[in-house]
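Peer 1: Before anything else, here's the structure in question.
Residue numbers (full-length UniProt numbering), protein chains in the order written: chain A, 1 to 539; chain B, 1 to 539.
Quick look at the structure:
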């Protein structure tokens with residue numbers, strides 16, 4: 001049923017606020033029926049790369065409403081992962097650039113006008129930005145695919161509409177940040193104000209550059225804060241473009257500052273900054289621990305973390321195997337396997353295990369790998385050389401630990417960071433490929449016998465970001481939904497990312513929630529105001 | 001008006017759920033009219049200490065429902081701060097005791113029965129505990145005063161009723177932890193479950209041992225969690241007594257475990273424990289930073305911190321000086337000045353400054369210091385030798401930095417940790433006594449000229465816990481309420497701690513809020529559960 005809404009989105013005749021998330025799902029599910037020009041037996045993934053219909057115009061920092069070079073004058077290259085070639089040289093931020101950006105954000109917060117504008121005015125600017133995103137949909141999508149390697153159809157028809165949808169969502173929150181009045185225990189009038197928290201530092205990853213931009217920037221601006229955003233060094237381009245559009249939409253200077261650069265320099269400077277009131281980070285668990293430690297050692301700024309995962313996808317004995325295979329395939333391979341919530345432990349009940357393995361293998365072999373600008377391509381390259389090598393190491397580890405390699409297992413082609421869709425069966429819980437986040441197109445399939453066992457095994461992970469459950473039985477669905485220690489449980493679906501659904505992790509998958517009403521808490525301070533009451537008519 | 005309700009509380013004929021907090025205020029304000037036997041000119045504060053009408057019976061750890069010795073067999077002394085004599089030798093916990101307590105809490109959470117009991121059953125146990133607190137009011141109050149040094153009347157007539165009141169409050173929440181259903185962007189049914197977070201580690205301070213027990217234990221139990229509580233080494237006794245009553249009330253073994261011991265051993269073991277799902281800490285900012293760092297380096301458990309403060313108390317030009325003096329005196333000297341939210345920067349408008357100084361000095365000189373078991377005594381000893389010495393050091397620092405010592409300035413008597421109520425005028429923002437948390441009976445008075453200036457000066461602090469405002473002008477009250485970067489603003493009142501009022505800090509005063517509906521978030525995980533909808537009647 002999710003696919004029904006997709007056509008209207010593609011035609012873009014309906015408001016972009018409906019169906020965007022479902023498209024994420026349907027993309028994975030429909031592509032298998034597309035033309036498959038580049039199968040993973042092909043020698044070169046991208047023989048003659050399609051030229052992206054866009055240019056990388058914005059490469060400087062955006063600070064206080066102005067594009068400026070790095071304080072040091074240095075730049076770093078942004079790559080095309082299809083070809084390993086340089087797209088553009090981008091200003092390389094370090095502590096001094098962060099200082100300048102924080103100073104601009106501080107001034108814009110302390111002196112205004114942003115937090116002193118009416119919520120309605122702020123809301124209108126967010127809406128105007130959403131309109132501009134729709135107007136520039138194709139350029140932004142092309143730039144996203146060029147720098148990230150994800151299929152252009154996914155960028156243009158799913159992620160860009162979702163970017164707009166998320167800013168519509170947060171625009172609606174801007175004038176609905178209610179405080180409380182609170183019952184006292186004596187003659188006092190008690191109000192609780194929900195105030196903007198101040199200058200928010202935000203560090204976003206490379207796997208969904210624009211969606212992560214929206215998850216971070218949307219709630220922070222809706223709540224009246226100012227921002228210093230540090231993008232991933234792999235994907236600096238689209239956030240600069242989007243921030244430029246935000247200023248066209250009327251955002252005052254200094255409210256949204258974007259600094260490109262690396263984690264240990266620019267990122268660390270932001271996380272430790274004494275004038276930053278809040279830090280939000282999405283990325284690996286190891287880096288998240290460092291961010292939290294830097295906050296602890298500096299000024300105790302509150303921290304939101306959205307980190308790694310090793311999410312179980314549980315196929316129960318009553319499952320329709322064909323559908324389960326397709327959904328499990330999507331849950332893992334979507335976005336080249338580069339999702340923190342990827343369903344990377346596929347637990348299959350023993351009664352359907354053998355059939356599942358055959359079909360999962362066949363499905364992976366049908367997966368269309370190639371130039372992400374080519375229509376019908378399901379899988380582009382991994383993001384960079386480091387990730388590419390890491391994924392190949394994990395594949396070797398799987399082979400060495402005696403998991404059964406069903407298909408794939410090597411790079412795809414001879415240029416670019418393409419990897420063959422890889423399926424391991426006979427995976428055991430104690431293997432590295434069943435414990436670590438691989439972040440690539442490597443599916444690990446494990447066998448289970450009963451619910452109690454699979455609950456215990458699914459929960460025996462340091463991660464707790466998401467889980468998938470595939471069953472027709474409502475009791476099984478309810479039991480698993482409560483028992484799985486994960487921030488999201490998708491039952492008979494996966495990667496549904498609607499704006500109002502909170503997303504975040506249990507355990508070492510993170511702290512706090514993004515999206516939904518919960519995301520506002522990350523960017524608000526709570527202030528109790530108490531005054532005595534004389535002659536109260538009621539208490 | 002607050003005092004009106006106090007009489008009923010003292011008579012204890014009304015439900016303890018009303019007026020408890022107000023009496024905190026009235027105690028401070030009325031005591032000046034009490035008999036003043038021990039003025040601070042007296043040579044010995046406690047010539048012949050009154051024998052407390054209670055014994056220290058519970059001195060072992062309470063783990064898995066059993067009182068047990070420390071794994072090491074070691075004990076440490078709990079002191080009477082009036083006399084510097086030992087009350088009892090208490091089991092000294094370290095990493096091994098924490099391990100045992102966590103194992104018990106883990107089992108009680110993972111296997112139940114606590115989180116699997118109905119919320120109504122959990123609520124009834126909290127209510128039975130509150131009843132037992134009321135039954136044992138006087139023993140608990142005596143033990144609290146004996147070990148902490150706070151006036152017995154405060155313990156018995158304010159803090160114990162507040163302990164009961166807080167558990168009535170949280171009992172009411174236990175069966176009102178609602179999740180959400182959430183609008184999707186497509187054909188999906190979305191629920192958000194609010195789940196217990198698991199095993200909560202809690203570290204409480206010595207200044208309000210039982211109230212802090214309630215702030216921590218109340219919401220954690222109401223939300224269905226299990227607990228390992230580490231008390232302050234200065235005040236281990238009353239939490240053990242209270243936890244014993246909790247088991248009498250029907251709490252299953254392992255749900256609430258209490259370990260006595262020191263921060264660097266027991267506290268650090270709890271904060272770094274890999275099987276603890278949450279840590280909450282109240283104490284100094286320096287220690288809070290360590291707690292957060294330990295959480296960051298271990299398993300990223302979410303952290304609630306309630307830390308230090310240097311709260312401004314702003315007396316505006318339109319203030320009734322007599323009332324302002326009394327409230328500012330209470331804001332600082334309450335609980336021997338040992339409040340994280342103490343109004344320790346008294347900003348007075350220049351038009352009323354001279355009159356204020358004279359009257360504040362006179363009020364401090366009238367303050368009744370002595371044996372806290374003696375009726376009419378307003379101020380007992382500081383908690384221990386370390387704090388006592390620290391406060392005296394800050395007094396010397398104030399003198400050396402040329403603040404004007406109006407009264408006090410030395411220890412009180414020759415035995416016990418008593419300190420003379422001390423007032424400094426002519427204090428400047430850059431003096432240590434205007435910047436650091438002294439945590440003792442030392443009032444620092446500063447002069448200001450206009451609102452913008454006092455807002456800027458009040459906010460120039462690394463702390464942001466609370467603020468007091470004294471004015472008749474509603475515009476002034478509203479301007480200051482929004483502009484002050486503090487978690488609580490008390491307008492024409494101070495230290496109103498009603499159960500529903502959230503409490504916590506901006507900036508380096510902490511993270512998160514305790515009390516009120518906000519406190520529940522600290523002990524809940526948020527889980528989104530998403531299923532496809534077939535043929536939905538509505539979206």
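Positions of the beta carbon are idealized from the N, C-alpha and C atoms, including for glycine. Nothing here was measured: the structure is a model prediction, and the numbers come from that model.
Kindly list, in the order they appear in chain B, the residues whose Cβ is closer than 7 Å to that of residue 502/A.
Peer 2: On the first chain, position 502 is the one that residue 502/A refers to. Per Cβ cutoff of 7 Å: 192, 526, 528.
Peer 1: Closer than 8 Å, Cβ to Cβ, to anything on chain B: give me those residues from the stretch 468-481 of chain A, in chain order.
Peer 2: Flagged, chain order: 477, 481.
Peer 1: Tell me the DSSP secondary structure of residue 193/B in three-state form.
Peer 2: The residue you call residue 193/B lines up with position 193 of the second chain. DSSP places residue 193/B in strand when its eight states are reduced to three.
Peer 1: Identify every residue that forms a DSSP beta bridge with residue 314/B.
Peer 2: Counting from one through the second chain, the residue named residue 314/B turns up at place 314. 347/B, 469/B, per the DSSP bridge assignment.
Peer 1: Would you decide whether residue 130/B is buried or exposed? Buried here means 16 or more other CB atoms lie within 10 Å of its CB.
Peer 2: Taking the first residue of the second chain as 1, we reach residue 130/B at position 130. By the 10 Å Cβ count, residue 130/B comes out buried.
Peer 1: Is residue 508/A close to chain B? Criterion is C-beta to C-beta, closer than 7 Å.
Peer 2: The residue given as residue 508/A occupies position 508 in the first chain. With 7 Å as the cut-off, residue 508/A counts as an interface residue toward chain B.
Peer 1: Interface residues of chain A around residue 537/B at Cβ under 8 Å?
Peer 2: Counted from its first residue, the second chain places residue 537/B at position 537. In chain order: nothing, as chain A lies at least about 14 Å away.
Peer 1: Does any residue of chain B have a CB that is nearer than 7 Å to the CB of residue 299/A?
Peer 2: What you label residue 299/A is simply residue 299 of the first chain in a count that begins at 1. Closer than 7 Å to some Cβ of chain B, the Cβ of residue 299/A qualifies, so yes.
Peer 1: Nearest CA to the CA of residue 371/B: which residue from 431/B, 404/B, 145/B?
Peer 2: Translated into positions along the second chain, residue 371/B becomes position 371. Nearest C-alpha to residue 371/B: 145/B.
Peer 1: Pick helix, strand or coil for residue 71/A, following the three-state DSSP scheme.
Peer 2: To locate residue 71/A, count along the first chain from 1; it is residue 71. It is coil, neither helix nor strand.
Peer 1: Do you know whose CA, among 418/B, 231/B, 169/B, 482/B, lies nearest residue 84/B's CA?
Peer 2: If you number the second chain from 1, residue 84/B lands on position 84. The shortest C-alpha separation from residue 84/B is found at 418/B.
Peer 1: With three or more beta-carbon pairs closer than 8 Å as the criterion, would you say the stretch 354-371 of chain A touches the stretch 468-488 of chain A?
Peer 2: The stretch 354-371 of chain A vs the stretch 468-488 of chain A: no contact.
Peer 1: With DSSP as the reference, label residue 328/B as helix, strand or coil.
Peer 2: As a working mapping, residue 328/B is identified with position 328 in the second chain. In this structure, residue 328/B counts as helix in the three-state DSSP scheme.
Peer 1: Using only the heavy atoms of the ligand FMN, determine whether one of them is closer than 6 Å to the beta carbon of residue 90/B.
Peer 2: The ligand FMN is not part of the structure shown, which contains no ligands of any sort.
Peer 1: Can you tell me whether residue 38/B is buried or exposed? The criterion is at least 16 other CB atoms within 10 Å of its CB, across all chains shown.
Peer 2: Indexing the second chain from 1 puts residue 38/B at position 38. Because residue 38/B carries a pLDDT of 42, less than 50, the predicted location of this residue cannot be relied on, and no value is offered for it.
Peer 1: Output the distance between the C-alpha atoms of residue 265/B and residue 477/A, rounded to the nearest integer angstrom.
Peer 2: What you label residue 265/B is simply residue 265 of the second chain in a count that begins at 1. What you label residue 477/A is simply residue 477 of the first chain in a count that begins at 1. Their backbone Cα atoms lie some 43 Å apart in a straight line.
Peer 1: Under 7 Å between beta-carbons, which chain B residues line up against residue 492/A? List them in chain order, please.
Peer 2: Taking the first chain and counting its residues from 1, the one referred to as residue 492/A is at position 492. What residue 492/A touches in chain B: 531, 532.
Peer 1: Classify residue 226/A as helix, strand or coil using the three-state DSSP reduction.
Peer 2: On the first chain, residue 226/A is found 226 positions in, with the first residue counted as 1. Here residue 226/A sits in strand by DSSP.
Peer 1: Taking the alpha-carbon positions, what's the residue 238/B to residue 205/B distance?
Peer 2: Stepping through the second chain from its first residue, residue 238/B is reached at position 238. Stepping through the second chain from its first residue, residue 205/B is reached at position 205. Using only the alpha carbons, I get a separation of about 12 Å.
Peer 1: On the three-state DSSP scale, how would you describe residue 431/B?
Peer 2: Within the second chain, the letter at position 431 stands for residue 431/B. Of the three classes helix, strand and coil, the one that applies to residue 431/B here is coil, per DSSP.
Peer 1: Nearest-angstrom Cα distance between residue 285/B and residue 243/B?
Peer 2: Your numbering for residue 285/B matches position 285 in the second chain. Your numbering for residue 243/B matches position 243 in the second chain. Rounded to whole angstroms, residue 285/B to residue 243/B spans 27 Å at the Cα level.
Peer 1: Return yes when the Cβ of residue 446/A is within less than 7 Å of the Cβ of residue 423/A, no when it is not.
Peer 2: Numbered from its first residue, the first chain carries residue 423/A at position 423. Numbered from its first residue, the first chain carries residue 446/A at position 446. It is not a contact, given that the beta carbons lie outside the stated cut-off.
Peer 1: Just checking my contact of residue 485/A with residue 464/A at CB under 8 Å: how many whole Å lie between their CB atoms?
Peer 2: Within the first chain, residue 485/A is the residue found at index 485, counting from 1. Within the first chain, residue 464/A is the residue found at index 464, counting from 1. Their Cβ separation, rounded to whole angstroms, is 5 Å, which keeps residue 485/A and residue 464/A in contact under 8 Å.
Peer 1: List, from N- to C-terminal side, the beta strand (DSSP E) runs of 3 residues or more that fit wholly inside the stretch 224-284 of chain B.
Peer 2: Counting whole runs of 3 or more residues, the stretch 224-284 of chain B contains the beta strand (DSSP E) stretches 226-230, 256-259, 278-282.
Peer 1: Say whether the stretch 135-144 of chain A touches the stretch 357-367 of chain A, bearing in mind that this needs 3 or more beta-carbon pairs closer than 8 Å, one atom from each stretch.
Peer 2: Touching, no.
Peer 1: Could you work out which residues of chain A lie near residue 488/B, taking near to mean beta carbons separated by less than 9 Å?
Peer 2: To locate residue 488/B, count along the second chain from 1; it is residue 488. Ordered by position in chain A, the residues that pass the 9 Å Cβ test against residue 488/B are 527, 528, 529, 530.
Peer 1: For residue 539/B, count neighbouring C-beta atoms within 10 Å of its own C-beta (all shown protein chains included) and say buried if the count is 16 or more, exposed if not.
Peer 2: Counted from its first residue, the second chain places residue 539/B at position 539. Burial call: exposed.
Peer 1: Find out if the Cβ-Cβ distance for the pair residue 383/A, residue 206/A is shorter than 7 Å.
Peer 2: The residue you call residue 383/A lines up with position 383 of the first chain. The residue you call residue 206/A lines up with position 206 of the first chain. In this structure, residue 206/A lies closer than 7 Å to residue 383/A by Cβ.
Peer 1: Which of the three DSSP states, helix, strand or coil, is assigned to residue 464/A?
Peer 2: Along the first chain, one-based indexing puts residue 464/A at 464. Correct three-state label for residue 464/A: strand.
Peer 1: According to DSSP, simplified to helix, strand and coil, what is residue 523/B?
Peer 2: For the purposes of this step, residue 523/B is identified with residue 523 of the second chain, where counting begins at 1. Three-state result, residue 523/B: coil.
Peer 1: Based on the DSSP secondary-structure assignment, which residues constitute the bridge partners of residue 407/A?
Peer 2: Position 407 of the first chain, counted from the first residue, corresponds to residue 407/A. Looking at the DSSP assignment, residue 407/A forms a beta bridge with 423/A.
Peer 1: Considering residue 129/A, what are the terminal residues of the alpha helix (DSSP H) in which it resides?
Peer 2: As a first step, residue 129/A is located in the first chain; it is residue number 129 there, counting from the start. First-last of the alpha helix (DSSP H) with residue 129/A: 119-135.
Peer 1: Taking residue 234/B as the reference, which of 76/B, 468/B, 511/B, 507/B has the closest Cα?
Peer 2: The sequence position of residue 234/B within the second chain is 234, counting from 1. Of 76/B, 468/B, 511/B, 507/B, the residue nearest in Cα terms is 76/B.
Peer 1: What number of angstroms, rounded off, separates the C-alpha of residue 494/A from the C-alpha of residue 149/A?
Peer 2: As a first step, residue 494/A is located in the first chain; it is residue number 494 there, counting from the start. As a first step, residue 149/A is located in the first chain; it is residue number 149 there, counting from the start. Their backbone Cα atoms lie some 22 Å apart in a straight line.
Peer 1: Please state the DSSP three-state secondary structure of residue 164/B.
Peer 2: The sequence position of residue 164/B within the second chain is 164, counting from 1. The answer is helix: DSSP assigns residue 164/B an H, G or I state.
Peer 1: Checking the sheet assignment: what are the DSSP bridge partners for residue 531/A?
Peer 2: Within the first chain, the letter at position 531 stands for residue 531/A. Bridge partners of residue 531/A: 189/A.
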